[in-house]
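Chains as they are written, first to last, in the UniProt record's numbering: chain A, 1 to 161; chain F, 1 to 161.
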DNA sequence: GACGATAGTCTGTAAAACAGAACATCTAAT
DNA sequence: ATTAGATGTTCTGTTTTACAGACTATCGTC
């Protein structure tokens, strides 16, 4: 037996690191509506990305109904604004207020310290490696389309995809 | 501005990869009570680790009350058994049944395929790197003690820790 | 201008986490 | 031995959260 301990399971390691990250950032981002996800929304808003709420929700991996609450809280706190998209009156453009930009700067700094703490067991080179690998996985993930995962893993017939 | 896009955020990458992993393994482990966490419990039970339910819950990052449900489901499916610990009659020792070991072998194989799919964008060397880095982070995480995180990040006074 | 599709919001339901009490048992101090 | 406090597990109830579906307004197209 090749020591298939729980510690060797990728899922366990991933979940463990993720929990640690959420715990550390939960402290760092305390008071910011939505926690880490609120921070990501605020980041996107500050950059004035042209994406709609729906596209943003998809990229952040949250349901569109959840995105509504998330932005509601951020707007109620005066950190972001919903403005009508002149090109599409169904959509809203998200923009950060001055207070939002200031809050984002603070949060980014607090987040940097929290990340340093989470990544403490790794040396600088290893941290860069991890960031690169995760970013590569996240951006080039083939699994954005659930159908392809099912098809690949289970070799399903049926042309529903 | 140094392109602080959402894609550059460690939290986003981590969450994105974690979601992708949960999605893929959710397919692979369909039918196994508890999903990925049920798999981890089953793994620990199969190895006959001497840990109590509580220690196991802590290592897996779940609440102790949740661990009860999790084991309930696995036991109801005939995959694990709860036996009284002869050394401590409060505690129960978890052991996998023959059916549980067979199911675990299947699940492990399905999981291997799912992981291959998730890690598809990486070459073999990079996959090993990622596994090593995550395992190092998960096992040597300084944040197992929440107090230390708070103390380090916010430099709190007060001797509550 | 009629049709289906899309962006956002709202409503209700289902599932999950969590806090706390309860019970049995262990350990340690007296 | 007896008591006091701590620990392992389970149960109960509360709160949060995600999610499916309906609804309104608007877009693009025929």
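Backbone N, C-alpha and C fix where the C-beta goes; we use that ideal spot for every residue, glycine too.
All values reported here derive from a predicted model rather than from experimental measurement.
Burial state of residue i (16 or more Cβ within 10 Å)
i: residue 39 (chain F); result: buried
i: residue 70 (chain A); result: buried
i: residue 33 (chain F); result: buried
i: residue 50 (chain A); result: exposed
i: residue 127 (chain A); result: buried
i: residue 116 (chain F); result: exposed
i: residue 64 (chain A); result: exposed
i: residue 25 (chain A); result: buried
i: residue 76 (chain A); result: exposed
i: residue 9 (chain A); result: buried
i: residue 46 (chain F); result: buried
i: residue 124 (chain F); result: exposed
i: residue 89 (chain F); result: exposed
Within-8 Å CB hit, residue i to chain F
i: residue 135 (chain A); result: yes
i: residue 109 (chain A); result: no
i: residue 163 (chain A); result: Because chain A here runs from 1 to 161, residue 163 (chain A) falls outside it and cannot be looked at.
i: residue 105 (chain A); result: no
Closer than 8 Å to chain A by CB, residue i
i: residue 59 (chain F); result: yes
i: residue 125 (chain F); result: no
i: residue 219 (chain F); result: This structure cannot speak to residue 219 (chain F), because chain F is shown only from 1 to 161.
i: residue 63 (chain F); result: no
For residue i, the three-state DSSP class (helix, strand or coil)
i: residue 119 (chain F); result: coil
i: residue 51 (chain F); result: coil
i: residue 80 (chain A); result: strand
i: residue 93 (chain A); result: strand
i: residue 88 (chain A); result: strand
i: residue 164 (chain F); result: Any property of residue 164 (chain F) remains undetermined from this structure, which presents chain F solely from 1 to 161.
i: residue 124 (chain F); result: helix
i: residue 36 (chain A); result: helix
i: residue 5 (chain A); result: coil
Return the residues of the segment 14 to 27 of chain F that lie within a Cβ-Cβ distance of less than 7 Å from chain A, sorted by chain order. Correct list: 14, 15, 16, 17, 18, 19, 20, 21, 23, 24, 25 and 27.
Specify whether the segment 75 to 87 of chain F and the segment 105 to 118 of chain F touch according to this definition: at least 3 beta carbon pairs, one from each stretch, less than 8 Å apart. They do not touch, by the three-pair rule.
Contact set between the segment 27 to 58 of chain F and chain A, restricted to residues whose Cβ is under 7 Å from the partner: Near chain A, meaning a CB-to-CB distance below 7 Å, the residues of the segment 27 to 58 of chain F are 27, 28, 36, 40, 43, 44 and 47.
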